[in-house]
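Below is one structure, written out as structure tokens; the observations come after it.
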Amino acid sequence: MNDERIKLRTETGQLIDAVVLSKRPESIEVVIGEGIHNVKCQLAPTRNGLAYAGTIMGREVIYERSRAQVQADIERLNPVLRKPRGR
């Protein structure tokens, strides 16, 4: 299975690799770490919609993509979601 991985920026400027559990325009759920040392995080869009932000163990992490870019990624990865249902 291919896990989607994204880069998150911490408040100190470091880049962290995260595995995406679910991705929707209104929220992104990611896991950071592996094995028993993993942590889940819910990323929500910022007020201006230009990034997603969340906290992990009291530290802020940011995914630097806008809501429109995330929606385009979702449609590109799964084009079946865009098609209307048949009757």
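When we follow the working numbering, the leftmost residue of the sequence shown carries the number 189, and every step to the right adds one. For each residue, glycine too, the CB sits at the ideal point set by N, CA and C. The structure presented is a predicted model; accordingly, all values stated were derived computationally and were not measured.
Per DSSP, the continuous alpha helix (DSSP H) segment holding residue 259 begins and ends at 255–265. For residue 248, the enclosing beta strand (DSSP E) begins and ends at 247–251. Cβ atoms of residue 248 and residue 241 come within 8 Å of each other, at about 6 Å.
By the CB criterion at 8 Å, residue 220 and residue 244 fall inside the cutoff. Shown here for residue 259: same chain residues with a beta carbon closer than 7 Å to its own, the five before and five after excluded, namely 213 in chain order. Counting of Cβ neighbours within 10 angstroms places residue 206 among the buried residues, the total reaching 16 or more. The Cβ atoms of residue 203 and residue 195 lie closer than 8 Å to each other.
In the three-state DSSP reduction, residue 242 falls in the strand class (E or B). By the criterion of a C-beta distance shorter than 7 Å, residue 226 is surrounded in its chain by 219, 220, once the five residues flanking it on both sides are discounted.
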